[in-house]
Amino acid sequence: MAGYISKSMGIIMGRYPQMIEKSKNNWLNYSRLLAIFYGMPALVAIGTYVMAFALALLTFFSPDGIHFADKSYMTIKINILYFWTLGIAADLKAWQIFLVLNLIFGFSFLSVFFSNERFCDTMKGLFVEGGLEKFKRNFLVLMPGVSSAILLVTTALNTLGERVGAEVGGPTFSDPFSEILTLSYAAVSEEIGFRLVPILIPTATYLLLKTRDSMEGLSRGTKVFMTLTAVLKPESYLRNVKTEPDRCFIILKASLILISATMFSFAHVLSGSWGLGKIPSTFVAGVAVGFSSVRYGFDSAILLHWFFNYYWAAISSAKRAGVPLINEVAYTVTAYLGIFMLLYFVFSSFAEDTTLKDPQKSVDNKTVR
Numbered sequence: 019m020a021g022y023i024s025k026s027m028g029i030i031m032g033r034y035p036q037m038i039e040k041s042k043n044n045w046l047n048y049s050r051l052l053a054i055f056y057g058m059p060a061l062v063a064i065g066t067y068v069m070a071f072a073l074a075l076l077t078f079f080s081p082d083g084i085h086f087a088d089k090s091y092m093t094i095k096i097n098i099l100y101f102w103t104l105g106i107a108a109d110l111k112a113w114q115i116f117l118v119l120n121l122i123f124g125f126s127f128l129s130v131f132f133s134n135e136r137f138c139d140t141m142k143g144l145f146v147e148g149g150l151e152k153f154k155r156n157f158l159v160l161m162p163g164v165s166s167a168i169l170l171v172t173t174a175l176n177t178l179g180e181r182v183g184a185e186v187g188g189p190t191f192s193d194p195f196s197e198i199l200t201l202s203y204a205a206v207s208e209e210i211g212f213r214l215v216p217i218l219i220p221t222a223t224y225l226l227l228k229t230r231d232s233m234e235g236l237s238r239g240t241k242v243f244m245t246l247t248a249v250l251k252p253e254s255y256l257r258n259v260k261t262e263p264d265r266c267f268i269i270l271k272a273s274l275i276l277i278s279a280t281m282f283s284f285a286h287v288l289s290g291s292w293g294l295g296k297i298p299s300t301f302v303a304g305v306a307v308g309f310s311s312v313r314y315g316f317d318s319a320i321l322l323h324w325f326f327n328y329y330w331a332a333i334s335s336a337k338r339a340g341v342p343l344i345n346e347v348a349y350t351v352t353a354y355l356g357i358f359m360l361l362y363f364v365f366s367s368f369a370e371d372t373t374l375k376d377p378q379k380s381v382d383n384k385t386v387r
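Residue numbering for the sequence shown follows the numbering used here, starting at 19 and increasing by one per position.
What follows is the structure in structure tokens.
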């Protein structure tokens with residue numbers, strides 16, 4: 019009996035690497051198919067992003083919006099972690115502020131288009147080479163899925179909060195013009211106050227001190243560029259100086275993200291516009307956006323906030339204008355990509371644990387008796 023068991027185990031262990039390799043190939047084949055299922059809707063979503071810009075500008079500079087666009091603002095305020103307010107004296111019209119904000123959003127899209135691996139190269143990797151995991155190489159390709167998944171999770175948390183009696187609330191606006199300007203401004207100012215200052219600047223300071231030897235001998239212009247990269251794209255800076263993130267960096271990053279997300283969630287409640295039920299969803303969103311700011315850069319954080327604020331305010335204007343199709347397409351694609359991405363996170367993690375690890379390591383550590 020013992021000999022039979024030993025022989026059977028020997029056969030199984032002998033075939034185990036081939037079984038794992040077959041499972042790996044099956045996963046890669048599925049991954050190629052899933053790449054198409056993700057890539058096509060993602061392109062549609064990116065198309066709606068372009069429409070959102072057009073809709074927002076048409077709404078803001080419509081005949082009804084011209085009067086609001088001429089409104090003057092004497093001070094620009096930025097809240098740092100809500101408790102410290104930076105006031106900048108300015109005499110600007112609403113339309114000037116709105117155009118500057120749109121330029122910031124447009125530059126952010128242009129930046130992520132070319133950052134890390136270029137957008138076109140990543141899309142080619144999805145459709146031609148195959149392999150869904152390639153979408154992580156460019157944030158613009160990844161953004162439709164990640165933003166949709168965050169929206170589904172935060173919506174579920176808000177719904178759950180209301181079910182248990184925790185009021186979520188929300189700001190109210192007297193007109194669509196003040197709504198889109200306020201939400202656009204928040205997407206930039208809150209990222210400065212909750213991501214750039216409390217997360218990116220401290221992590222950049224640590225990285226620059228840790229890698230200061232690599233700066234020696236560089237020109238002043240190169241040093242300035244590398245410093246800005248460390249602040250705005252920390253992990254890109256690490257790749258440029260060929261340095262792996264150490265334990266201290268990981269702990270610092272995680273701690274700052276959690277602190278910022280906590281303050282971000284409570285700031286919504288302290289503003290008076292939101293209820294206690296908003297805390298869980300804004301905390302989750304704060305963690306996700308904070309992680310993205312370090313992993314992909316400050317531009318990615320601005321764009322995620324743009325998605326929640328500017329994008330949906332602009333898309334909603336299509337329905338008010340009597341063109342509900344754009345609104346319906348946006349909601350449908352977002353729901354699909356959100357579900358797809360959440361399932362991908364679950365199944366890809368399972369597949370990695372069960373089929374993509376080197377089987378020889380586990381075989382070598384076992385003795386068949």
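Virtual Cβ for every residue (Gly too), placed ideally from N, Cα, C.
- Between the alpha carbons of T245 and T103 lies a distance of about 26 Å.
- DSSP places S318 within a helical segment (H, G or I) once states are collapsed to three.
- Going by DSSP, N156 is part of no alpha helix (DSSP H) at all; its letter is neither H nor E.
- Exposed is the label assigned to T350, since fewer than 16 other Cβ atoms lie within 10 Å of its Cβ.
- Rounded to whole angstroms, the gap between the alpha carbons of F71 and D264 is 40 Å.
- Taking 9 Å as the cut-off, the beta carbon of I275 is found closer than this to the beta carbon of F309.
- When DSSP states are grouped into helix, strand and coil, A53 belongs to the helix group.
- The three-state reading of DSSP puts L128 in helix, counting H, G and I together.
- Where A306 is concerned, there is no enclosing beta strand (DSSP E), although the alpha helix (DSSP H) around it starts and stops at I297 to R313.
- If you ignore the 5 residues before and after G315, its C-beta comes within less than 7 Å of the C-beta of S133, L250, K251 and S254, all in its own chain and listed in chain order.
- Rounded to whole angstroms, the separation of the alpha carbons of I210 and S299 is 20 Å.
- Taking C-beta separations shorter than 7 Å and ignoring five residues to either side along the sequence, the partners of F131 in its chain run F137 and L158, following chain order.
- In the displayed model, G187 falls within a strand according to three-state DSSP.
- If you look at S192, you'll find it isn't in any beta strand (DSSP E); DSSP assigns it neither H nor E.
- Taking a C-beta distance under 9 Å as the contact criterion, S202 and T352 do not qualify as a contact pair.
- If you draw a 10 Å sphere on the C-beta of P189, you find fewer than 16 other C-beta atoms in it, and that means exposed.
- In this structure the region 111-119 does not lie against the region 221-233, because fewer than three pairs of beta carbons, one per stretch, are closer than 8 Å.
- By the criterion of a C-beta distance shorter than 7 Å, L160 is surrounded in its chain by F153 and K154, once the five residues flanking it on both sides are discounted.
- According to DSSP, N97 shares a beta bridge with T103.
- Boundaries for L236: no alpha helix (DSSP H) harbours it, and the DSSP string shows neither H nor E there.
- In this structure, Y329 lies away from T77, with their beta-carbon atoms at least 9 Å apart.
- Collapsing the DSSP output to three states places A339 in coil.
- Assigned with DSSP and collapsed to three states, S90 falls in strand.
- Residue burial annotation: M359 is buried, with at least 16 other C-beta atoms found within 10 angstroms of its C-beta.
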